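Worksheet for the structure shown next.
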Amino acid sequence: MTDLKVLISREEIAKRVSEMGAEITRDFKGQSIIFVGVLKGAAIFLSDLARHVRLDATFDFIGVSSYGNRPSPQKELKDGWDSTGEVKLTKDVDQSMQDKNVIVVEDILDTGLTLTYLRKVLLAHQPRTLRIAALLDKPSRRKLPLEGDYVGFKIPDEFVVGYGLDYAEKYRNLPDICVVPRQ
Ligand code: 5GP
3 MTDLKVLISR EEIAKRVSEM GAEITRDFKG QSIIFVGVLK GAAIFLSDLA RHVRLDATFD
63 FIGVSSYGNR PSPQKELKDG WDSTGEVKLT KDVDQSMQDK NVIVVEDILD TGLTLTYLRK
123 VLLAHQPRTL RIAALLDKPS RRKLPLEGDY VGFKIPDEFV VGYGLDYAEK YRNLPDICVV
183 PRQ
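Here you go:
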């Protein structure tokens with residue numbers, strides 16, 4: 003795929019992620035936190051964000067997938083794809099979250115189905131606090147009323163790749179966030 007267009011540059015990402023880290027540092031002053039990254043898209047965001055947080059912190063990861071047959075990436079891009087909303091856990095967290103400050107780190111908040119499900123799963127672990135950090139947010143696509151506590155950028159309804167986000171598992175290592183043309 004050649005005609006990817008930069009939507010958010012690496013410099014803009016770096017600036018905003020450092021601001022988000024400072025916000026989290028301020029909000030949890032004197033406390034420790036657990037970052038729970040949602041595999042695989044949030045891996046790069048989590049590693050950058052965590053390095054801007056000046057607190058005792060540990061990492062964990064959680065995995066989810068959607069039920070239903072996802073169309074090919076080409077078809078999904080052209081016609082869109084609305085999952086049934088049923089999400090299943092493919093990997094649970096490894097450590098106890100009980101009475102801990104937990105921040106779920108996600109690449110993008112789209113319909114809200116994934117994070118609504120993950121909130122429920124994580125609340126069952128009885129954390130002291132549960133917050134959501136999402137690098138990107140597409141508010142126009144929301145199906146369930148969910149907001150991120152720390153949001154990097156609100157973006158229009160475009161399919162984006164880079165900085166952890168994939169298209170058929172590719173492009174996660176692009177340093178900028180780019181729009182894939184719908185054709
Ligand atoms: P939600 O459950 O909020 O609809 O979707 C969240 C998940 O959908 C994200 O974690 C991501 O995997 C996927 N997703 C939504 N929009 C995009 C996009 O523009 N690009 C990519 N690569 N994935 C997306």
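In this note's numbering, each residue carries its 1-based index in the sequence shown increased by 2.
Backbone N, C-alpha and C define an ideal beta-carbon position, used for all residues, glycine too.
Please read these numbers as outputs of a predicted model, since none were measured by experiment.
When DSSP labels each residue in this structure, what does Arg28 get in the three-state scheme? Reading the sequence shown from its first residue, position 26 is the one you call residue 28. Helix.
Per the DSSP calculation, Glu108 is bridged to which residue(s)? Within the sequence shown, the letter at position 106 stands for residue 108. Answer by DSSP bridge pairing, in chain order: Ala136.
With a threshold of 6 angstroms on Cβ separation, who are the neighbours of Ser142 within its own chain once the five nearest residues in sequence on each side are excluded? Against the sequence shown, residue 142 aligns to sequence position 140. Excluding positions up to five away in sequence, the list reads Asp159.
Cβ neighbour criterion (16 or more within 10 Å) applied to Thr60: Residue mapping note: residue 60 aligns to position 58 of the sequence shown, counting from 1. Result: exposed.
Does the beta-carbon of Leu41 have 16 or more other beta-carbons within 10 angstroms, so that it is buried, or is it exposed? Walking along the sequence shown from the start, residue 41 turns up at place 39. Its Cβ having fewer than 16 others within 10 Å, Leu41 is exposed.
For Ala24 and Lys77, I'd like the C-alpha separation in whole angstroms. For the purposes of this step, residue 24 is taken as residue 22 along the sequence shown, with counting starting at 1. For the purposes of this step, residue 77 is taken as residue 75 along the sequence shown, with counting starting at 1. Each residue's Cα considered, the two are about 40 angstroms apart.
Looking at the secondary structure, which residues open and close the alpha helix (DSSP H) in which Ile157 lies? As a working mapping, residue 157 is identified with position 155 in the sequence shown. Secondary structure note for Ile157: it is in no alpha helix (DSSP H), with a DSSP letter that is neither H nor E.
For Thr113, three-class secondary structure by DSSP: Here residue 113 refers to the residue found at position 111 of the sequence shown. Of the three classes helix, strand and coil, the one that applies to Thr113 here is coil, per DSSP.
To the nearest angstrom, how far is the alpha carbon of Asp58 from that of Gln33? Counting from 1 along the sequence shown, the entry for residue 58 is found at position 56. Counting from 1 along the sequence shown, the entry for residue 33 is found at position 31. Computed Cα separation, rounded: 7 angstroms.
Spatial neighbours of Asp151 within its chain, please: CB distance less than 6 angstroms, with the 5 preceding and 5 following residues excluded, ordered by chain position. Walking along the sequence shown from the start, residue 151 turns up at place 149. Only Arg133, Ile134 meet the Cβ criterion.
Going by beta carbon distance, what residues of the same chain come within less than 6 angstroms of Ala170, once the five residues before and after it are set aside? As a first step, residue 170 is located in the sequence shown; it is residue number 168 there, counting from the start. Around Ala170: Pro75.
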